[in-house]
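K.L.:
Following numbering that gives the first Met the number 0, the residues of the sequence shown are numbered contiguously, the last one being 378.
Idealized CB from N, CA, C, for every residue including glycine.
Below is a structure I'd like to ask you about.
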Amino acid sequence: MTASPGTTPSLGRRLRELRDANGWTQRQLGELLSLEAGENRPLSPALISSWESEKSVPSARWVAAYVRVLTRGSGAGETPRAAQQRTGDLESELLNLRAEALQPSVVVDPAAAMSASAPRFWRFPDGRPICIIAAKLPRDAEEILSVFPYANPVHPNYMPLVCYPDGEAIVELFGHLRAENPGSEVRYKTPDRVIADDLSGHVVIVGGPDFNPYAAWFAERMDLPVASGSGGIEVGDPSEDAAFTVTSPEGSVAVYEPMINGHLKAKITKFLDGELRQVEVEWPNVVYDLGLLARQPNPTNSAATATLCYGLYSRGSYGVARVFTDAQIRDANEQYLRRRFGAANTFWMLVRVLCNQEFGVTTTPDLNRDFTRLVEWPD
């Protein structure tokens with residue numbers, strides 16, 4: 000069975016064509032897919048049938064397994080380069096068909112249809128997996144936090160996000176990415192748990208290089224002229240020398256700092272002389288933080304994207320995370336992005352993130368305000 004000339008088959012029909020072309024039964028294909036994916040039990044013929052009859056849609060993981068099974072080995076006289084091209088073509092075809100299968104078949108509101116068809120910053124219609132790589136506090140900071148019972152892994156109410164300096168940004172992005180990409184696998188990991196497969200889909204870096212080595216790793220491979228440093232923030236002893244630096248093509252360096260207005264006092268618990276004691280500390284009162292938002296093709300897979308999203312402090316990370324998730328302002332920010340960069344998938348910007356630290360409030364940057372935008376590239 001083949002598609003008629005000039006027509007595009009559905010995903011289910013295409014999967015059936017590929018299975019028939021190889022002479023496999025649904026049971027045989029289920030066994031091959033399970034082996035390829037490292038599963039202990041074969042996929043049932045009923046599940047294969049549901050995919051082919053379009054009663055359900057396979058996840059991106061199973062589409063990738065299909066591609067590997069169908070392209071295993073090279074054709075007669077086929078060069079490795081040609082085999083790689085054939086594999087990539089089939090993967091793109093099936094992922095595009097999968098994305099179409101996940102779209103609603105009936106549109107009631109034309110205005111909603113127009114909005115849905117517009118490109119959105121956090122929507123990836125190709126169905127590739129999305130991995131958030133999130134900063135994590137170093138071991139010594141975790142040990143200090145362990146005085147808080149819920150930060151201890153053996154506590155029944157263990158809260159692992161306590162050890163994520165950008166926990167609010169992670170929660171914001173994780174939920175939004177899942178809502179925007181219902182057909183994609185969305186996961187978040189700390190740098191120590193990242194594997195090669197996590198780097199080849201769409202990658203979102205949350206947290207700067209102080210606590211997230213992948214921030215510097217991707218920035219270097221994306222040739223970003225932006226660097227950040229905070230002198231290493233210790234729990235209970237924040238540094239005040241945080242800044243972004245931007246190096247021009249001519250080699251000159253511009254420094255951009257957050258606005259600090261005095262200090263705020265707080266009481267914290269610390270180990271002193273072998274005992275837990277309450278001590279008073281002073282922390283910088285951040286009027287506005289700075290955040291970096293950058294996107295380019297993923298340097299490990301140019302068909303996917305890499306996005307850097309972090310501030311000098313955690314408030315900056317949370318603010319830039321909400322630029323395209325905040326329901327009150329994201330549409331206006333999306334419109335600014337399209338006006339400024341068009342369909343370009345390569346840009347970066349430094350923005351101001353207004354804070355009211357005393358009341359624990361961080362506002363979402365409005366890209367349409369000149370005050371918000373510090374530096375943009377391409378300029």
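Going straight from the alpha carbon of threonine 244 to that of alanine 215, what length do you get?
P.N.:
Within the sequence shown, numbered from 1, the residue matching residue 244 stands at position 245. Within the sequence shown, numbered from 1, the residue matching residue 215 stands at position 216. Each residue's Cα considered, the two are about 13 Å apart.
K.L.:
Nearest to alanine 302 by CA position, among Asn21, Gly87, Ala331 and Leu14, is which residue?
P.N.:
Numbered from 1 along the sequence shown, position 303 holds the residue referred to as residue 302. The shortest Cα separation from alanine 302 among Asn21, Gly87, Ala331 and Leu14 belongs to Gly87.
K.L.:
Report the partner residues of asparagine 297 according to the DSSP bridge assignment.
P.N.:
Within the sequence shown, the letter at position 298 stands for residue 297. Beta-bridge pairing links asparagine 297 to Asn300.
K.L.:
Under the rule that 16 or more other beta-carbon atoms within 10 Å means buried, what is serine 247, buried or exposed?
P.N.:
The sequence position of residue 247 within the sequence shown is 248, counting from 1. Serine 247 is exposed by the Cβ-count criterion.
K.L.:
Taking C-alpha atoms, which residue in Phe123, Leu172, Arg119 and Arg15 lies nearest to tyrosine 65?
P.N.:
Position 66 of the sequence shown holds residue 65. It is Arg15.
K.L.:
Please state the DSSP three-state secondary structure of isoleucine 131.
P.N.:
Reading the sequence shown from its first residue, position 132 is the one you call residue 131. Of the three classes helix, strand and coil, the one that applies to isoleucine 131 here is strand, per DSSP.
K.L.:
Go through the segment 27 to 104 residue by residue and report every complete run of the alpha helix (DSSP H) that reaches 4 residues or more, in order.
P.N.:
As far as the segment 27 to 104 is concerned, its whole alpha helix (DSSP H) runs of at least 4 residues are 44 to 51, 59 to 69 and 79 to 100.
K.L.:
DSSP state of isoleucine 169, grouped into three classes?
P.N.:
Position 170 of the sequence shown, counted from the first residue, corresponds to residue 169. Reduced to three states, the DSSP call for isoleucine 169 is helix.
K.L.:
Between which residues of its own chain and proline 224 is the CB-CB distance below 6 Å, once the five residues before and five after are set aside?
P.N.:
Here residue 224 corresponds to residue number 225 of the sequence shown, with the count starting at 1. Cβ neighbours of proline 224 beyond the five flanking positions: Val245 and Thr246.
K.L.:
Look up tryptophan 121 in the DSSP assignment and say whether it is helix, strand or coil.
P.N.:
Along the sequence shown, one-based indexing puts residue 121 at 122. Coil, per DSSP.
K.L.:
Below 8 Å on the Cβ atoms is my guess for glycine 384 versus asparagine 284; work out the distance and round it to an integer in Å.
P.N.:
This structure cannot settle anything about residue 384, because the visible part of the chain is limited to 0 through 378.
K.L.:
Use the C-beta contact count for valine 360: other C-beta atoms within 10 angstroms, 16 or more gives buried, fewer gives exposed.
P.N.:
In the sequence shown, counting from the first residue as 1, residue 360 sits at position 361. Valine 360 should be labelled exposed.
K.L.:
List the endpoints of the continuous alpha helix (DSSP H) containing asparagine 332.
P.N.:
Counted from its first residue, the sequence shown places residue 332 at position 333. It spans 329 to 340 - the alpha helix (DSSP H) in which asparagine 332 sits, taken as one unbroken run.
K.L.:
Quick one: any contact between the segment 288 to 295 and the segment 343 to 357, if contact means 3 or more CB pairs under 8 Å?
P.N.:
The segment 288 to 295 is in contact with the segment 343 to 357.
K.L.:
Does the separation of the CB atoms of isoleucine 169 and alanine 226 fall below 7 Å?
P.N.:
On the sequence shown, position 170 is the one that residue 169 refers to. On the sequence shown, position 227 is the one that residue 226 refers to. No.
K.L.:
Between glycine 290 and valine 202, which are expected to be in contact by the criterion C-beta below 8 Å, what is the C-beta distance as a whole number of angstroms?
P.N.:
Mapped onto the sequence shown, residue 290 falls at position 291. Mapped onto the sequence shown, residue 202 falls at position 203. Incorrect: roughly 18 Å between the Cβ atoms, too far for contact.
K.L.:
Thinking C-beta only, is glycine 126 closer than 7 Å to alanine 59?
P.N.:
Residue 59 sits at position 60 when you count from the first residue of the sequence shown. Residue 126 sits at position 127 when you count from the first residue of the sequence shown. Yes. Within cutoff.
K.L.:
So leucine 349 is in the beta strand (DSSP E); what residue range does that whole segment cover?
P.N.:
What you label residue 349 is simply residue 350 of the sequence shown in a count that begins at 1. Where leucine 349 is concerned, the enclosing beta strand (DSSP E) stretches over 346 to 355.
K.L.:
With C-beta atoms as the reference, is proline 164 less than 7 Å away from leucine 136?
P.N.:
As a first step, residue 164 is located in the sequence shown; it is residue number 165 there, counting from the start. As a first step, residue 136 is located in the sequence shown; it is residue number 137 there, counting from the start. Going by C-beta atoms, proline 164 is nearer than 7 Å to leucine 136.
K.L.:
Between Ala242, Glu249, Tyr335 and Ala265, which has its C-alpha nearest methionine 258's C-alpha?
P.N.:
Taking the first residue of the sequence shown as position 1, residue 258 is located at position 259. Nearest of Ala242, Glu249, Tyr335 and Ala265 to methionine 258, Cα basis: Ala242.
K.L.:
What is the rounded straight-line gap between the Cα of valine 286 and the Cα of valine 278?
P.N.:
Numbered from its first residue, the sequence shown carries residue 286 at position 287. Numbered from its first residue, the sequence shown carries residue 278 at position 279. The alpha-carbon atoms of valine 286 and valine 278 are separated by roughly 25 Å.
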